[in-house]
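Q: One structure, as structure tokens, below. Some questions next.
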Amino acid sequence: SSLAFSCDVDHKPLAEGWWATSVCLNGKWSPEPRCIAKASCLPPTIPNGYIQGQRSWYENGQRITVSCNSGYLTRRSSSVIRCTNGKWSLLLVCEKKSSACDKPPKIPNAVIVHQKPQEVYPDHSKLHYQCEEGHDTDPQNAEKSITCRAGTWIQGPSCTEVSDCMFDPAQHYGSG
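Written out as structure tokens, the structure is:
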């Protein structure tokens, strides 16, 4: 079953809007029906960032510190924002650093290994590639990784098809 509720004067649900809904799951309400002071704030949404020690709500006058994810920065001198009468003093925006790199390039016949996909990679990030079966790196460029430097991916492997024979008999014994 579900429960729709609103709060007394000068209070609001611990959710967006003036009313909220809770659902009974295994004998418990989820989320727990709860009202907070109208002047309190819910945690702000910080794209590409996070709140250090995030809580479910903050009292009027409370300050929090916002941090940007790796590869992002805020243009403001302070990363502290304050809850004032139910609203945040300002919302910080975390922007991609100019030195960070976007998604890595696709390299034919190769896959990135040991790395979760990200939208942005910090400067000096190094990603390792593995050639697909039947392919190997070019002996002249045995590097199997790329590095983010100043917003650009540097050096990438070249995976070429491997033949079944290790050497060409004509090269070693002559033709004919």
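In terms of the working numbering, the sequence shown opens at residue 2 and continues consecutively. Ideal placement from N, C-alpha and C gives every residue a C-beta, glycine not left out.
1. Quick one: give me the first and last residue of the beta strand (DSSP E) that Gly-50 is part of.
2. In three-state terms, what does DSSP make of Thr-22?
3. According to DSSP, is Lys-88 helix, strand or coil?
4. I think Leu-93 touches Ile-82, with their Cβ atoms under 8 Å apart; what is that distance to the nearest whole Å?
5. Quick one: residues in its chain with C-beta nearer than 8 Å to the C-beta of His-115, no 5 flanking neighbours on either side, listed in chain order?
6. According to the Cβ coordinates, are Cys-36 and Asn-61 closer than 8 Å?
7. Let me check understanding here. Comparing Cα to Cα, which of Lys-145, Lys-97 and Gly-72 lies closest to Gly-157?
8. Output the distance between the C-alpha atoms of Gln-119 and His-136, rounded to the nearest integer angstrom.
A: Working from what's here:
1. That run of the beta strand (DSSP E) goes 50-52.
2. Note: Thr-22 maps to strand in three-state DSSP.
3. strand
4. 6 Å
5. Within the same chain, His-115 has close Cβ partners His-129.
6. no
7. Lys-145
8. So the alpha carbons of these two residues sit roughly 26 Å apart.
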